[in-house]
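Q: Structure incoming, see below.
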Amino acid sequence: MEYMYGMLGISPEVEAFGEKIVQDLKERFAKIDQVAEYNQAKVLVAMQKHRVSAECFAGSTGYGYNDQGREVLEEVYAACFHTEAALVRPQITCGTHALAVALSANLLPGDELLSPVGKPYDTLESVIGIRKSPCSLAEYGVQYRQVDLLPDGSFDYDNIAKAINEKTKLITIQRSKGYQMRPTFSVEKIGQLIAFVKKIKPDVICMVDNCYGEFVEMQEPSDVGADMIVGSLIKNPGGGLAPIGGYICGTKACIDRCAYRLSAPGLGQEVGASLDVMRAFYQGFFLAPTVVAGALKGAIFAANLFERLGFAVIPNGTESRHDIIQAVELGTPERLIAFCEGIQAAAPVDSYVKPEPYAMPGYNCDVIMAAGAFVQGSSIELSADGPLRAPYSVYFQGGLTWYHAKVGILRALQEMYAKGLVSLPNV
Ligand SMILES: *Cc1c(COP(=O)(O)O)cnc(C)c1O
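For the sequence shown, position 88 (counting from the first letter as 1) is numbered 87 according to numbering that gives the first Met the number 0, and the numbering increases by one without interruption.
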């Protein structure tokens, strides 16, 4: 191992430190494996129940009428997530698109949208119209309300109750913290919030942005009352193999509307050629529980490793996990850059390029990003990024295998260590 790690640019000291951390995580990892085993069975049962066969991989062209692969895949998703219906398509271009479809399909002029969990993911600001944007929900006369979380990260039930009124049609709950500093919500917590909201207004539609959360727990938000769960196929449920796509799973009433919005009123789910992506969708979904487990181990390994080195990490080393994102406050721009250089150097693709901080739309400072992925922008693959401003936090996620996540994290540490930006404790 020392030889192979040497070939990957990782020194014996860094490798030994990593090993020490791994030794202490055995029990934690065994629990993750248990969840993966359960979720693997869940996917398998859904595939068997709906008789997935080689014909499902054939794909279709043009209108895509009678596309068996597409229809069965949507049944498999619905069965796995315990919903009445599902929309899983390459025509859904990304997670933001899936969320935009789910929202605009189920909200009409005069309706109100409520986020009881604070500000939603950045890209949704334009979708909702929090940031003025052509074609936003606001432009179509959908009002938006938000109730922020309490300072300790819990739900502000009093103000949520006050915010719900006769116009409130849909409630959006983002499971993952994304790039905020609040905690990610467990499925159990989301269930409590949904129950609270439904008690006040039983017919309100509860949608969960499930990005980065799929298969982290044994249950999904659809098991605890969500009417729709929404996500991206180049994150968890694509298993690293889906080259594009998004999903919406939920009640038949909601999904029918989503299908009409995605294609056209009157057409709905009947059209939409699956081209050549079906086998990757099925195979990726099949692999997703183990891929997610690997990414989770990587995140927990990194949390413990950097915590041990004295850095603040979110979530911390021992917290329970509800998504695959890890943040580390590196404190200086030099460390942030070195970290990202290390992640990039450890990638299977584009390992020879050097990431550089760059101005990005929507940020008031330069941002550095490291990704060497088989699928562009895929964040179930090992990737890291961070804005060049205090506290110089790096956010990273993914790893198609635990072993690669481990190499990436050690290589990131190596880069900082070699530049004298961090010292290793005696192990
Ligand atoms: C990634 C993400 C999105 C948007 O997905 P894209 O595929 O990047 O458009 C939305 N919400 C959350 C919480 C996410 O993590």
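We put the CB at the ideal spot given by N, CA and C, even for glycine.
None of these values were measured; they are calculated from a predicted model.
If you reduce the DSSP assignment to three classes, tell me which class Gly-128 lands in.
A: Note: Gly-128 maps to coil in three-state DSSP.
Q: For Lys-168, name the three-state secondary structure that DSSP assigns.
A: If DSSP states are grouped into helix, strand and coil, Lys-168 belongs with the strands.
Q: Tell me the DSSP bridge mates of Ser-392?
A: According to DSSP, Ser-392 bridges with Glu-328.
Q: Can you say whether Asp-208 is buried or exposed, counting buried as having 16 or more other CB atoms within 10 angstroms of its CB?
A: Buried is the call here.
Q: Nearest CA to the CA of Asn-235: which residue from Phe-280, Ala-272, Lys-198 and Met-227?
A: Closest by alpha carbon: Phe-280.
Q: Give the DSSP-derived three-state secondary structure of Leu-72 in the structure shown.
A: It is helical.
Q: Exposed or buried, Ala-358, counting other C-beta atoms within 10 Å across all chains shown (16 or more means buried)?
A: That one is exposed.
Q: How is the alpha helix (DSSP H) around Ile-193 delimited, first residue to last?
A: It spans 186 to 199 - the alpha helix (DSSP H) in which Ile-193 sits, taken as one unbroken run.
Q: Pair every Cβ in the region 228 to 247 with every Cβ in the region 87 to 100, then say whether three or more of these pairs are closer than 8 angstroms.
A: A contact exists between the region 228 to 247 and the region 87 to 100.
Q: Given this structure, state the Cα-to-Cα distance separating Tyr-62 from Glu-83, to the nearest angstrom.
A: C-alpha separation (whole angstroms): 24 angstroms.
Q: Would you call the region 326 to 333 and the region 387 to 397 touching, i.e. three or more CB-CB distances under 8 angstroms?
A: Yes, the region 326 to 333 touches the region 387 to 397.
Q: When the Cα atoms are used, what is the spatial distance from Lys-166 to Leu-102?
A: Straight-line Cα distance between these residues: approximately 15 angstroms.
Q: Taking DSSP's pairing of strands, which residues face Val-352 in a bridge?
A: None; Val-352 has no bridge partner.
Q: Let me check understanding here. Comparing Cα to Cα, which of Asp-66, Ile-408 and Asn-425 lies closest to Gly-8?
A: Checking every option, the nearest Cα to that of Gly-8 belongs to Ile-408.
Q: Taking Gly-239 and Ile-379 to be in contact with their CB atoms under 8 angstroms, please state how far apart those CB atoms are, rounded to whole angstroms.
A: Contact holds; Cβ gap of about 5 angstroms.
Q: I'd like the span of the alpha helix (DSSP H) that includes Gly-63, first residue to last.
A: Gly-63 -> no alpha helix (DSSP H), and no H or E assigned at all.
Q: What does a CB cutoff of less than 6 angstroms around Ala-104 pick up in its chain, not counting 5 residues either side in sequence?
A: Arg-256, Cys-257 and Arg-260, listed in sequence order.
Q: Along the beta strand (DSSP E) that carries Ile-367, what are the first and last residues, could you check?
A: First-last of the beta strand (DSSP E) with Ile-367: 365 to 370.
Q: Contact defined as beta carbons within less than 8 angstroms: I believe Val-42 pairs with Cys-79. What is the distance between those atoms, to the nearest angstrom?
A: With 8 angstroms as the limit, Val-42 and Cys-79 qualify as a contact, their Cβ atoms being about 6 angstroms apart.
Q: Quick check: what's the CA-CA separation for Lys-161 versus Pro-201?
A: Distance between the alpha carbons of Lys-161 and Pro-201 is about 15 angstroms.
Q: At a cut of 8 angstroms, does the region 43 to 51 reach the region 19 to 31 through at least three beta carbon pairs?
A: No, they do not touch.
Q: Indicate, with yes or no, if ligand 1 has a heavy atom lying under 8 angstroms from the CB of Arg-320.
A: Because no heavy atom of ligand 1 lies under 8 angstroms away, the Cβ of Arg-320 does not count as near it: no.
Q: Taking the runs of the alpha helix (DSSP H) that are 4 residues or longer, which of them lie wholly in the region 229 to 283?
A: If we require 4 residues or more, the alpha helix (DSSP H) runs fully inside the region 229 to 283 come out as 251 to 261.
Q: Since I believe Val-186 is in contact with Asp-151 (beta carbons under 8 angstroms), could you give me their beta-carbon distance rounded to a whole number of angstroms?
A: The Cβ separation is near 20 angstroms, so there is no contact.
Q: Whose C-beta lies closer than 6 angstroms to the C-beta of Lys-118 among residues of the same chain, with five residues either side of it excluded?
A: Nothing listed; no residue qualifies.
Q: At a threshold of 8 angstroms, does Ile-233 count as lining ligand 1 (C-beta to nearest heavy atom)?
A: Yes - ligand 1 has a heavy atom lying nearer than 8 angstroms to the Cβ of Ile-233.
Q: Kindly examine ligand 1 and report whether one of its heavy atoms sits closer than 8 angstroms to the Cβ of Ser-175.
A: Yes, Cβ of Ser-175 sits closer than 8 angstroms to a heavy atom of ligand 1.
Q: Is the beta carbon of Gly-316 sitting closer than 9 angstroms to the one on Asn-303?
A: Contact: yes.
Q: Would the beta-carbon of Tyr-93 be found less than 8 angstroms away from any heavy atom of ligand 1?
A: As written in the sequence, residue 93 is Cys, which differs from the Tyr given in the question. Yes, since a heavy atom of ligand 1 falls inside the 8 angstroms radius drawn around the Cβ of Cys-93.
Q: Does DSSP put Gly-293 in a helix, in a strand, or in coil?
A: It is helical.
Q: For Val-146, which of Ser-52, Leu-112 and Asn-363 has the nearest alpha-carbon?
A: Selected option, being the one with the closest Cα: Leu-112.
Q: Given 8 angstroms as the limit, is there contact between the region 173 to 185 and the region 338 to 355, that is, 3 or more CB pairs closer than that?
A: Cβ pair count under 8 angstroms is below three, so no.
Q: Using the rule of at least 16 other Cβ atoms within 10 Å of the residue's Cβ for burial, across every protein chain shown, is Ile-299 buried or exposed?
A: Buried, since its Cβ has 16 or more Cβ neighbours within 10 Å.
Q: Roughly how many angstroms lie between the CA atoms of Ile-170 and Arg-130, to the nearest whole one?
A: The alpha-carbon atoms of Ile-170 and Arg-130 are separated by roughly 19 angstroms.
Q: Going by DSSP, which residues form a beta bridge with Gly-385?
A: In the DSSP output, where bridge partners are listed per residue, Gly-385 has Ile-367.
Q: Taking 9 angstroms as the CB-CB limit, is Asn-303 close to chain B?
A: The structure shown contains no chain B; it holds only a single protein chain.
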